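Step one of this worksheet: look at the structure below.
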Amino acid sequence: MARIVQLSDLHLRAAGRLLYRQIDTAGALAQAIARINALSPRPDLVVLSGDLANAGSAAEYAHLRAQLAALAVPWALMPGNHDDRAALRAAFPEQPWAAGELAQQRRECDAGDLLLVDTVVPGEDGGAVGEAQLAWLDANLRADRDALLFLHHPPVRTGIAGMDAIGLAGAETLAAWLHRHPRVRALFCGHVHRTIFSEFAGRPLAIAPSPAHQIALDLSGDAAALAWTMEPGGMLLIDWPAGAPPAIHLLPVATAPVHRYAD
216 MARIVQLSDL
226 HLRAAGRLLY
236 RQIDTAGALA
246 QAIARINALS
256 PRPDLVVLSG
266 DLANAGSAAE
276 YAHLRAQLAA
286 LAVPWALMPG
296 NHDDRAALRA
306 AFPEQPWAAG
316 ELAQQRRECD
326 AGDLLLVDTV
336 VPGEDGGAVG
346 EAQLAWLDAN
356 LRADRDALLF
366 LHHPPVRTGI
376 AGMDAIGLAG
386 AETLAAWLHR
396 HPRVRALFCG
406 HVHRTIFSEF
416 AGRPLAIAPS
426 PAHQIALDLS
436 GDAAALAWTM
446 EPGGMLLIDW
456 PAGAPPAIHL
466 LPVATAPVHR
476 YAD
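Numbering (my numbering), first residue to last: 216 to 478.
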(Lines of atoms letter the chains of each structure in order from A and count residues from 1; the text may use other names and numbers.)
(Lines give C-alpha, C1' and ligand atoms only; values in the text may rest on other atoms or scores of the structure.)
Protein backbone atom coordinates (compact mmCIF):
# COMPACT_ATOMS: atom_id res chain seq x y z
CA MET A 1 0.00 0.00 0.00
CA ALA A 2 1.15 3.53 -0.77
CA ARG A 3 -0.54 6.73 0.34
CA ILE A 4 0.34 9.90 -1.58
CA VAL A 5 -0.97 13.46 -1.37
CA GLN A 6 -0.98 15.53 -4.54
CA LEU A 7 -0.70 19.23 -3.78
CA SER A 8 -0.74 21.49 -6.83
CA ASP A 9 -0.74 25.08 -8.04
CA LEU A 10 0.52 26.87 -4.94
CA HIS A 11 1.44 30.07 -6.83
CA LEU A 12 3.60 31.12 -3.92
CA ARG A 13 5.02 34.62 -3.95
CA ALA A 14 7.92 36.05 -1.95
CA ALA A 15 7.35 36.27 1.78
CA GLY A 16 4.73 38.87 2.67
CA ARG A 17 3.36 39.23 -0.87
CA LEU A 18 -0.24 38.44 -1.91
CA LEU A 19 -1.21 37.03 -5.28
CA TYR A 20 -3.27 39.52 -7.31
CA ARG A 21 -3.02 41.71 -4.15
CA GLN A 22 -5.80 39.58 -2.64
CA ILE A 23 -4.90 35.88 -2.33
CA ASP A 24 -2.81 34.66 0.61
CA THR A 25 -1.22 31.69 -1.13
CA ALA A 26 1.31 31.24 1.69
CA GLY A 27 -1.51 31.01 4.20
CA ALA A 28 -3.27 28.43 2.03
CA LEU A 29 -0.09 26.36 1.82
CA ALA A 30 0.41 26.54 5.59
CA GLN A 31 -3.17 25.35 6.10
CA ALA A 32 -2.62 22.48 3.64
CA ILE A 33 0.57 21.44 5.41
CA ALA A 34 -1.21 21.44 8.78
CA ARG A 35 -3.97 19.24 7.31
CA ILE A 36 -1.43 16.80 5.87
CA ASN A 37 0.54 16.62 9.11
CA ALA A 38 -2.68 15.78 10.99
CA LEU A 39 -3.61 12.84 8.75
CA SER A 40 -3.57 9.42 10.39
CA PRO A 41 -1.97 7.37 9.03
CA ARG A 42 0.34 9.92 7.52
CA PRO A 43 1.05 9.81 3.77
CA ASP A 44 4.26 8.30 2.46
CA LEU A 45 4.93 11.24 0.15
CA VAL A 46 3.54 14.60 -0.96
CA VAL A 47 3.89 15.31 -4.69
CA LEU A 48 3.80 19.04 -5.45
CA SER A 49 2.76 18.98 -9.09
CA GLY A 50 3.77 22.34 -10.48
CA ASP A 51 3.12 26.07 -10.38
CA LEU A 52 4.89 26.01 -7.05
CA ALA A 53 5.94 29.64 -7.47
CA ASN A 54 4.03 32.35 -9.30
CA ALA A 55 6.97 33.82 -11.20
CA GLY A 56 9.74 31.25 -10.73
CA SER A 57 11.97 33.62 -8.76
CA ALA A 58 14.68 32.73 -6.26
CA ALA A 59 12.80 34.65 -3.54
CA GLU A 60 9.66 32.61 -4.16
CA TYR A 61 11.56 29.32 -4.00
CA ALA A 62 13.26 30.43 -0.78
CA HIS A 63 9.81 31.10 0.66
CA LEU A 64 8.67 27.67 -0.54
CA ARG A 65 11.60 25.95 1.15
CA ALA A 66 10.89 27.77 4.41
CA GLN A 67 7.24 26.68 4.35
CA LEU A 68 7.99 23.08 3.40
CA ALA A 69 10.23 22.80 6.45
CA ALA A 70 7.01 22.37 8.44
CA LEU A 71 5.87 19.38 6.37
CA ALA A 72 6.30 16.22 8.45
CA VAL A 73 6.42 13.77 5.52
CA PRO A 74 8.77 13.52 2.51
CA TRP A 75 7.96 15.61 -0.54
CA ALA A 76 8.78 15.67 -4.25
CA LEU A 77 8.71 18.68 -6.57
CA MET A 78 8.00 19.14 -10.26
CA PRO A 79 7.54 22.32 -12.32
CA GLY A 80 4.52 23.94 -13.93
CA ASN A 81 4.28 26.73 -16.47
CA HIS A 82 4.71 29.44 -13.78
CA ASP A 83 7.96 27.83 -12.60
CA ASP A 84 11.50 28.24 -13.87
CA ARG A 85 12.94 24.74 -14.07
CA ALA A 86 16.58 25.86 -13.76
CA ALA A 87 15.81 28.06 -10.74
CA LEU A 88 13.76 25.27 -9.18
CA ARG A 89 16.56 22.75 -9.58
CA ALA A 90 19.08 25.24 -8.19
CA ALA A 91 16.90 26.03 -5.17
CA PHE A 92 16.33 22.35 -4.33
CA PRO A 93 19.54 20.54 -5.34
CA GLU A 94 18.85 17.69 -2.92
CA GLN A 95 15.81 16.55 -4.91
CA PRO A 96 16.68 13.46 -7.04
CA TRP A 97 16.35 15.25 -10.37
CA ALA A 98 16.90 13.31 -13.56
CA ALA A 99 19.99 14.09 -15.57
CA GLY A 100 19.59 16.69 -18.28
CA GLU A 101 17.62 19.90 -18.55
CA LEU A 102 14.13 18.67 -17.64
CA ALA A 103 13.14 18.76 -13.97
CA GLN A 104 11.85 15.19 -13.70
CA GLN A 105 11.94 12.55 -10.98
CA ARG A 106 11.20 8.92 -10.33
CA ARG A 107 10.16 8.10 -6.78
CA GLU A 108 9.67 4.59 -5.44
CA CYS A 109 6.96 3.50 -3.04
CA ASP A 110 5.63 0.15 -1.84
CA ALA A 111 2.94 -0.11 -4.53
CA GLY A 112 5.13 0.97 -7.45
CA ASP A 113 6.88 3.97 -8.93
CA LEU A 114 5.82 7.60 -9.30
CA LEU A 115 7.01 9.21 -12.54
CA LEU A 116 7.02 13.02 -12.36
CA VAL A 117 7.19 14.39 -15.90
CA ASP A 118 8.28 17.93 -16.81
CA THR A 119 5.80 19.28 -19.40
CA VAL A 120 6.96 22.91 -19.28
CA VAL A 121 7.52 24.85 -22.50
CA PRO A 122 9.60 27.89 -21.45
CA GLY A 123 7.77 31.16 -22.06
CA GLU A 124 4.46 29.43 -22.77
CA ASP A 125 1.40 28.74 -20.60
CA GLY A 126 0.67 25.51 -22.43
CA GLY A 127 2.80 22.41 -22.04
CA ALA A 128 4.08 19.59 -24.21
CA VAL A 129 5.23 15.99 -24.17
CA GLY A 130 7.81 15.15 -26.81
CA GLU A 131 10.77 12.91 -27.55
CA ALA A 132 12.75 13.94 -24.47
CA GLN A 133 9.93 13.14 -22.04
CA LEU A 134 9.09 9.84 -23.75
CA ALA A 135 12.74 8.77 -23.79
CA TRP A 136 12.93 9.43 -20.06
CA LEU A 137 9.72 7.50 -19.47
CA ASP A 138 11.08 4.57 -21.48
CA ALA A 139 14.20 4.58 -19.32
CA ASN A 140 12.36 4.86 -16.02
CA LEU A 141 9.23 2.70 -16.39
CA ARG A 142 10.22 -0.74 -15.16
CA ALA A 143 8.66 -3.87 -16.60
CA ASP A 144 8.21 -5.44 -13.15
CA ARG A 145 6.69 -2.39 -11.39
CA ASP A 146 3.37 -0.56 -11.67
CA ALA A 147 3.55 3.23 -11.97
CA LEU A 148 1.55 6.41 -11.60
CA LEU A 149 2.22 9.28 -13.98
CA PHE A 150 2.24 12.93 -12.80
CA LEU A 151 2.03 15.77 -15.35
CA HIS A 152 1.36 19.42 -14.69
CA HIS A 153 -0.62 19.94 -17.90
CA PRO A 154 -3.57 17.59 -18.44
CA PRO A 155 -3.80 15.78 -21.79
CA VAL A 156 -7.62 15.85 -21.77
CA ARG A 157 -10.34 18.38 -22.52
CA THR A 158 -11.79 19.92 -19.36
CA GLY A 159 -14.59 22.00 -20.93
CA ILE A 160 -13.09 25.22 -19.54
CA ALA A 161 -12.08 26.79 -22.86
CA GLY A 162 -9.49 29.17 -21.46
CA MET A 163 -7.62 26.28 -19.82
CA ASP A 164 -8.06 23.88 -22.73
CA ALA A 165 -6.37 26.50 -24.93
CA ILE A 166 -3.22 26.11 -22.80
CA GLY A 167 -3.33 22.35 -22.30
CA LEU A 168 -0.85 19.67 -23.34
CA ALA A 169 0.56 19.36 -26.86
CA GLY A 170 1.61 15.87 -27.81
CA ALA A 171 -1.30 14.16 -26.06
CA GLU A 172 -1.80 11.73 -28.95
CA THR A 173 1.84 10.67 -28.76
CA LEU A 174 1.52 10.17 -25.01
CA ALA A 175 -1.63 8.10 -25.51
CA ALA A 176 0.19 5.86 -28.01
CA TRP A 177 3.02 5.40 -25.50
CA LEU A 178 0.57 4.48 -22.75
CA HIS A 179 -1.12 1.88 -24.96
CA ARG A 180 2.25 0.13 -25.12
CA HIS A 181 2.77 0.33 -21.34
CA PRO A 182 -0.14 -1.17 -19.38
CA ARG A 183 1.70 -0.99 -16.06
CA VAL A 184 0.91 2.72 -15.80
CA ARG A 185 -2.17 2.60 -13.58
CA ALA A 186 -3.36 6.23 -13.57
CA LEU A 187 -2.43 9.82 -14.39
CA PHE A 188 -2.48 12.85 -12.10
CA CYS A 189 -2.36 16.47 -13.29
CA GLY A 190 -2.65 20.04 -12.04
CA HIS A 191 -2.81 23.36 -13.91
CA VAL A 192 -6.62 23.72 -13.98
CA HIS A 193 -7.18 24.63 -10.30
CA ARG A 194 -10.26 22.41 -10.11
CA THR A 195 -11.00 18.83 -9.12
CA ILE A 196 -11.75 16.99 -12.35
CA PHE A 197 -11.96 13.24 -12.98
CA SER A 198 -11.62 11.84 -16.48
CA GLU A 199 -9.98 9.05 -18.49
CA PHE A 200 -7.02 9.00 -20.84
CA ALA A 201 -5.72 6.11 -22.92
CA GLY A 202 -7.89 3.75 -20.90
CA ARG A 203 -6.52 4.93 -17.51
CA PRO A 204 -8.13 6.97 -14.75
CA LEU A 205 -7.04 10.61 -14.78
CA ALA A 206 -7.47 13.10 -11.96
CA ILE A 207 -6.78 16.84 -11.89
CA ALA A 208 -6.03 18.33 -8.48
CA PRO A 209 -7.48 21.59 -7.17
CA SER A 210 -5.34 24.38 -5.77
CA PRO A 211 -5.10 24.86 -2.00
CA ALA A 212 -5.66 28.58 -2.62
CA HIS A 213 -7.80 29.86 -5.50
CA GLN A 214 -9.77 27.88 -8.10
CA ILE A 215 -10.48 28.51 -11.77
CA ALA A 216 -14.13 29.48 -12.16
CA LEU A 217 -16.29 26.76 -13.69
CA ASP A 218 -17.30 28.32 -17.00
CA LEU A 219 -18.46 25.80 -19.60
CA SER A 220 -19.66 28.39 -22.12
CA GLY A 221 -16.82 27.67 -24.53
CA ASP A 222 -15.62 31.27 -24.34
CA ALA A 223 -11.85 31.26 -23.74
CA ALA A 224 -11.97 34.97 -22.85
CA ALA A 225 -14.22 34.16 -19.87
CA LEU A 226 -11.34 32.64 -17.89
CA ALA A 227 -11.54 33.79 -14.27
CA TRP A 228 -10.60 32.77 -10.74
CA THR A 229 -12.71 32.31 -7.64
CA MET A 230 -12.18 31.77 -3.92
CA GLU A 231 -14.06 28.49 -3.81
CA PRO A 232 -12.63 26.21 -1.07
CA GLY A 233 -9.11 24.96 -1.66
CA GLY A 234 -8.06 21.34 -1.62
CA MET A 235 -5.71 18.55 -2.68
CA LEU A 236 -5.94 14.88 -3.60
CA LEU A 237 -5.17 11.89 -1.40
CA ILE A 238 -4.19 8.84 -3.44
CA ASP A 239 -4.65 5.47 -1.70
CA TRP A 240 -2.80 2.94 -3.87
CA PRO A 241 -2.84 -0.79 -3.04
CA ALA A 242 -0.15 -2.82 -4.75
CA GLY A 243 -1.42 -4.48 -7.90
CA ALA A 244 -4.60 -2.40 -8.10
CA PRO A 245 -5.78 0.99 -9.34
CA PRO A 246 -5.62 3.82 -6.79
CA ALA A 247 -8.58 5.23 -4.91
CA ILE A 248 -8.59 9.03 -5.20
CA HIS A 249 -10.02 11.21 -2.45
CA LEU A 250 -10.66 14.95 -2.55
CA LEU A 251 -9.16 16.37 0.63
CA PRO A 252 -10.26 19.93 1.45
CA VAL A 253 -7.64 22.18 2.99
CA ALA A 254 -10.09 23.27 5.69
CA THR A 255 -10.90 20.81 8.47
CA ALA A 256 -14.32 20.11 9.96
CA PRO A 257 -15.51 18.30 13.09
CA VAL A 258 -15.87 14.52 12.85
CA HIS A 259 -18.96 12.93 14.44
CA ARG A 260 -18.99 9.16 14.92
CA TYR A 261 -22.30 7.46 14.22
CA ALA A 262 -22.13 5.66 17.56
CA ASP A 263 -22.07 8.95 19.49
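Beta carbons are placed, not taken as given, at the ideal position from N, Cα and C, and that holds for glycine. It should be emphasised that the depicted structure is a prediction, and the values quoted were computed from it without experimental measurement.
For residue i, list the residues DSSP reports as bridge partners.
{"i": "residue 450", "result": "466"}
{"i": "residue 413", "result": "420"}
{"i": "residue 327", "result": "324"}
{"i": "residue 261", "result": "220, 290"}
With a cut-off of 8 Å on the beta carbons, I'd call residue i and residue j a contact; round off their distance for me.
{"i": "residue 445", "j": "residue 423", "result": "Actually they do not touch by this definition, with Cβ atoms about 17 Å apart."}
{"i": "residue 400", "j": "residue 372", "result": "22 Å between Cβ atoms; not a contact."}
{"i": "residue 405", "j": "residue 362", "result": "That belief does not hold up - the Cβ atoms of residue 405 and residue 362 are roughly 18 Å apart, past 8 Å."}
{"i": "residue 336", "j": "residue 343", "result": "5 Å"}
{"i": "residue 479", "j": "residue 278", "result": "Residue 479 lies beyond the stretch modelled for the chain, which goes from 216 to 478, so this question has no answer here."}
{"i": "residue 294", "j": "residue 303", "result": "5 Å"}
Quick one: using the 10 Å Cβ neighbour count with 16 as the cut-off for buried, is residue i buried or exposed?
{"i": "residue 237", "result": "exposed"}
{"i": "residue 448", "result": "buried"}
{"i": "residue 412", "result": "exposed"}
{"i": "residue 475", "result": "exposed"}
Kindly indicate which residue of the options has the alpha-carbon position closest to the one of residue i.
{"i": "residue 258", "options": "298, 219, 409", "result": "219"}
{"i": "residue 469", "options": "438, 404, 427", "result": "427"}
{"i": "residue 357", "options": "388, 343, 322, 372", "result": "322"}
{"i": "residue 378", "options": "436, 262, 457", "result": "436"}
{"i": "residue 403", "options": "262, 217, 375, 233", "result": "262"}
{"i": "residue 312", "options": "332, 250, 324", "result": "332"}
{"i": "residue 249", "options": "282, 329, 269", "result": "282"}
{"i": "residue 349", "options": "334, 360, 359", "result": "334"}
Using only the heavy atoms of the ligand HEM, determine whether one of them is closer than 6 Å to the beta carbon of residue i.
{"i": "residue 354", "result": "Judged by which ligands are present, the structure shown has none, so any question about the ligand HEM falls away."}
Please confirm whether residue i has its beta-carbon closer than 7 Å to some beta-carbon of chain B.
{"i": "residue 408", "result": "In summary, chain B is missing from the structure at hand, where a single protein chain is found."}
Please list the terminal residues of the continuous beta strand (DSSP E) segment that includes residue i.
{"i": "residue 372", "result": "Neither: residue 372 is in no beta strand (DSSP E) and is coded neither H nor E."}
{"i": "residue 360", "result": "Careful: residue 360 lies outside any beta strand (DSSP E) and carries neither H nor E."}
Could you tell me the boundaries of the alpha helix (DSSP H) in which residue i lies?
{"i": "residue 225", "result": "Here residue 225 belongs to no alpha helix (DSSP H), and DSSP marks it neither H nor E."}
{"i": "residue 349", "result": "346-355"}
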